[in-house]
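A.B. asks: For reference, the structure I am asking about is given below.
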Amino acid sequence: MTKSVTIKDVAERAGVSKGSVWAALKTGKSSIRLAPATRERIQKAARELNYRPNIVAQSMVSKKSHLIGFNFSCNNNLWHHAVQIINGLRDCCNSQGYSLVVYPANNVDEEYQNLQQAVNRQLDGLLTIPLLTDDRHNAKEYCRIAKEVMPVVQVCFPLCPELPSIAHDFSYIAKHATEYLINRGHRQIVLVTFDNYREPDNGITSFEHNQGYEMAMLEAGLSPRTFSHEAHVLKHTADDTYQVAEQILQLSPRPTAIVTSSNSAAYGLIKRWEELGIKVPDDISIIGCASDLDVPDCLTPKLNSFKTEFEDIGKRAFELCLEQKKQMKPEQFRMKLQLAEGKTVRDLKI
0 MTKSVTIKDV AERAGVSKGS VWAALKTGKS SIRLAPATRE RIQKAARELN
50 YRPNIVAQSM VSKKSHLIGF NFSCNNNLWH HAVQIINGLR DCCNSQGYSL
100 VVYPANNVDE EYQNLQQAVN RQLDGLLTIP LLTDDRHNAK EYCRIAKEVM
150 PVVQVCFPLC PELPSIAHDF SYIAKHATEY LINRGHRQIV LVTFDNYREP
200 DNGITSFEHN QGYEMAMLEA GLSPRTFSHE AHVLKHTADD TYQVAEQILQ
250 LSPRPTAIVT SSNSAAYGLI KRWEELGIKV PDDISIIGCA SDLDVPDCLT
300 PKLNSFKTEF EDIGKRAFEL CLEQKKQMKP EQFRMKLQLA EGKTVRDLKI
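No gaps in the numbering here: position 346 of the sequence shown is 345 in numbering that gives the first Met the number 0, and each next residue is one more.
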């Protein structure tokens, strides 16, 4: 059996200490400073000896697994954004010497099993887009793990106020969208959101969207009006808003603009109105307040909506997770996104 090459072997070949070898080959920051020539000599020796780090041994010395976990639902409209988040996490892991363990979940029970696996693997931290279905969730387990085992950072959906999170400022987004329409002459503006918009715990996104929308309307001296459709936590489609699309057209006076809590709802309204001969934006304007669905411009007008750099969210969540290892803080970072211009809003004469 061929003998494994050790740090000692590399140190002897390069004529340096084992600590210098560790510093030269370590990914990320090190307290040991090396001259560029020394670092290159060590790396050359490692290549010549075909040295491969012993991850298990390194973990025992540093008391770290060098593993970061990412949990998310693989059964909803955000799966493609989860992939973008993973890309951001991958870049961070590569630069900091970590490996990424991905835990997709189809339901709350499967998510719970993922959490137990993460604990058993002794991860250094866990990032998660927590699941919530029909008032069922794993909030207590997340809090227990964060308190007893490892840092937990929530991404996109802040289910547990006790834990740090990085999410959108949903109230700001809806308020900004509504003000955008008001500034373009619209006065009859309706919010279309999920039917849990009165529940701050179980429907935080729609609840805050409604708050922001109502704030903008009342500040402008206008009357807010909200229409809701069923909230499918694991999956919602454009077809869910068909009935709402018809109800909106029956209002008197008819709204000139709509704000939606999801892009899929916006596309559903556009689709149904097109079938009824109602054109967007000629007859009615619309803005989407989420990045849950993108449709090619050749199939429908480019939607005025809020675009998110999900790779950046992944990177910021990773950095926050490493910070939490030093001191646990329930910090809530809320991102104020800017509206991306599309072709679904027209100006009215004021």
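Quick reminder that beta carbons are idealized off the backbone N, C-alpha and C, glycines included.
1) Look at the alpha carbon of Ile144 and the alpha carbon of Leu338, and state the distance between them as a whole number of angstroms.
2) Assuming the contact rule is C-beta atoms closer than 8 Å, Thr225 and Tyr196 should be a hit. Round their C-beta distance to whole Å, please.
3) If you check the beta carbons only, do Glu140 and Leu122 fall under 7 Å apart?
4) Have a look at Leu24, Phe193, Glu218, Cys91 and flag the residue whose alpha-carbon is nearest the alpha-carbon of Ser263.
5) Starting from Leu88, follow the beta strand (DSSP E) in both directions and report where the run begins and ends.
6) Assuming Thr177 contacts Val258 under a Cβ cut-off of 8 Å, what Cβ separation, rounded to an integer in Å, is found between them?
7) Who are the Cβ neighbours of Pro129 in its own chain at under 8 Å, not counting the five residues just before and after it?
8) So, does the stretch 330-337 touch the stretch 164-179, judging by three or more C-beta pairs under 8 Å?
9) Please specify which runs of the alpha helix (DSSP H), each continuous and at least 4 residues long, are wholly inside the stretch 157-244, giving them in chain order.
10) Can you tell which of Arg40, Ser94, Ser304, Ala44 has its C-alpha closest to the C-alpha of Val9?
11) Touching or not, the stretch 248-257 and the stretch 180-193, by the rule of three or more beta carbon pairs under 8 Å?
12) Measuring alpha carbon to alpha carbon, tell me which residue in Arg38, Pro252, Asp239 is nearest Lys270.
13) The ligand ZN and Ala244: does any heavy atom of the ligand fall closer than 6 Å to the residue's C-beta?
14) Return the bridge partner residues of Phe309 from the DSSP annotation.
15) How far does the beta strand (DSSP E) with Arg400 in it extend, from its first residue to its last?
16) Beta carbon of Ile85, beta carbon of Ile312: below 7 Å?
17) Is it buried or exposed, Asp346, if we count other Cβ atoms within 10 angstroms and call 16 or more buried?
18) Leaving aside the five residues before and after Ile277 along the sequence, list all residues of the same chain whose C-beta is less than 8 Å from its C-beta, in chain order.
19) For Pro150, count neighbouring Cβ atoms within 10 angstroms of its own Cβ and tell me buried if that reaches 16, exposed if not.
20) Between which two residues does the alpha helix (DSSP H) containing Leu268 stretch?
21) Answer with yes or no whether the minimum CB distance from Glu340 to chain B is below 7 Å.
22) On the DSSP letters alone, give me the boundaries of the alpha helix (DSSP H) that Thr37 sits inside.
23) Tyr102 bridges to which residues according to DSSP?
24) Using three-state DSSP, classify Ser64 as helix, strand or coil.
25) Measuring CA to CA, which of His208, Asp200, Arg38 is closest to Ile172?
26) How long is the line joining the alpha carbons of Phe169 and Leu131, rounded to whole angstroms?
27) Between the Cα of Arg38 and the Cα atoms of Asn49, Arg51, Gly14, which residue gives the shortest distance?
28) Since Ser261 contacts Ala289 with CB under 8 Å, what's their CB separation in whole angstroms?
29) State the beta-bridge partners of Leu338 as determined by DSSP.
30) Determine the direct distance from the alpha carbon of Glu161 to that of Pro329, and round the result to whole angstroms.
31) Helix, strand or coil: which one does DSSP assign to Ala256?
32) Determine the extent of the beta strand (DSSP E) in which Ser284 is found, giving its start and end residues.
33) Among residues of its own chain, excluding the 5 on either side of Val100, which ones have a beta-carbon nearer than 6 Å to its beta-carbon?
C.D. replies: Taking the definition as stated:
1) On the sequence shown, residue 144 is found 145 positions in, with the first residue counted as 1. On the sequence shown, residue 338 is found 339 positions in, with the first residue counted as 1. Between the C-alpha atoms of Ile144 and Leu338 there is a straight-line separation of about 37 Å.
2) Working through the sequence shown from its first residue, we reach residue 225 at position 226. Working through the sequence shown from its first residue, we reach residue 196 at position 197. Taking C-beta atoms under 8 Å as the contact rule, Thr225 and Tyr196 qualify, at a distance of about 7 Å.
3) Here residue 140 is taken as the residue at index 141 of the sequence shown, counted from 1. Here residue 122 is taken as the residue at index 123 of the sequence shown, counted from 1. Not closer than 7 Å, so no.
4) As a working mapping, residue 263 is identified with position 264 in the sequence shown. Per the Cα distances, Phe193.
5) Here residue 88 refers to the residue found at position 89 of the sequence shown. Per DSSP, Leu88 is not a residue of any beta strand (DSSP E); the alpha helix (DSSP H) it occupies stretches across 78-95.
6) If you number the sequence shown from 1, residue 177 lands on position 178. If you number the sequence shown from 1, residue 258 lands on position 259. 6 Å between Cβ atoms; contact.
7) Against the sequence shown, residue 129 aligns to sequence position 130. Cβ within range, chain order: Asn70, Glu110, His136, Asn137, Ala138, Tyr141, Gln153, Phe156, Leu158, Cys159.
8) Taking a cut-off of 8 Å for Cβ pairs, the stretch 330-337 and the stretch 164-179 touch, as three or more such pairs fall below it.
9) Inside the stretch 157-244, DSSP marks whole alpha helix (DSSP H) runs of 4 or more residues at positions 169-182, 203-218, from first to last along the chain.
10) To locate residue 9, count along the sequence shown from 1; it is residue 10. Ranking Arg40, Ser94, Ser304, Ala44 by Cα distance to Val9 puts Ala44 first.
11) When C-beta atoms of the stretch 248-257 are compared with those of the stretch 180-193, three or more pairs fall below 8 Å, so the two segments count as touching.
12) Counting from one through the sequence shown, the residue named residue 270 turns up at place 271. For Lys270, the closest alpha carbon among the candidates Arg38, Pro252, Asp239 is that of Asp239.
13) Looking for the ligand ZN in the displayed structure turns up nothing, as the structure carries no ligands at all.
14) By 1-based counting over the sequence shown, the position of residue 309 is 310. Looking at the DSSP assignment, Phe309 forms no beta bridge with any residue, so it has no partner.
15) Within the shown structure, residues of the chain are numbered from 0 to 349, placing residue 400 beyond reach of any answer.
16) On the sequence shown, residue 85 is found 86 positions in, with the first residue counted as 1. On the sequence shown, residue 312 is found 313 positions in, with the first residue counted as 1. It is not a contact, given that the beta carbons lie outside the stated cut-off.
17) The residue labelled residue 346 in the question sits at position 347 within the sequence shown. Exposed, since its Cβ has fewer than 16 Cβ neighbours within 10 Å.
18) Looking up residue 277 in the sequence shown gives position 278. Non-local beta-carbon contacts of Ile277 in its own chain, meaning distances under 8 Å to residues more than five positions away in sequence, involve Leu248, Ile283 in chain order.
19) Mapped onto the sequence shown, residue 150 falls at position 151. So Pro150 counts as buried.
20) By one-based count along the sequence shown, residue 268 stands at place 269. Here the alpha helix (DSSP H) through Leu268 covers 262-274.
21) The chain labelled as chain B is not found in the depicted structure, where only one protein chain is given.
22) The residue given as residue 37 occupies position 38 in the sequence shown. It spans 35-48 - the alpha helix (DSSP H) in which Thr37 sits, taken as one unbroken run.
23) Position 103 of the sequence shown holds residue 102. Answer is Asn70.
24) Within the sequence shown, the letter at position 65 stands for residue 64. If DSSP states are grouped into helix, strand and coil, Ser64 belongs with coil.
25) One-based indexing of the sequence shown puts residue 172 at position 173. Nearest of His208, Asp200, Arg38 to Ile172, Cα basis: His208.
26) Within the sequence shown, numbered from 1, the residue matching residue 169 stands at position 170. Within the sequence shown, numbered from 1, the residue matching residue 131 stands at position 132. Approximately 18 Å, taken between the alpha carbons.
27) Position 39 of the sequence shown, counted from the start, is the residue given in the question as residue 38. Considering only alpha carbons, the answer is Gly14.
28) Counting from 1 along the sequence shown, the entry for residue 261 is found at position 262. Counting from 1 along the sequence shown, the entry for residue 289 is found at position 290. Contact flag correct, Cβ pair sits at about 5 Å.
29) Position 339 of the sequence shown, counted from the first residue, corresponds to residue 338. Looking at the DSSP assignment, Leu338 forms a beta bridge with Phe305.
30) Numbered from its first residue, the sequence shown carries residue 329 at position 330. Numbered from its first residue, the sequence shown carries residue 161 at position 162. Computed Cα separation, rounded: 5 Å.
31) Here residue 256 refers to the residue found at position 257 of the sequence shown. It is a strand residue.
32) If you number the sequence shown from 1, residue 284 lands on position 285. Ser284 -> beta strand (DSSP E) spans 284-287.
33) Within the sequence shown, residue 100 is the residue found at index 101, counting from 1. Closer than 6 Å at the Cβ level, and outside the excluded window around Val100, lie Leu66, Gly68.
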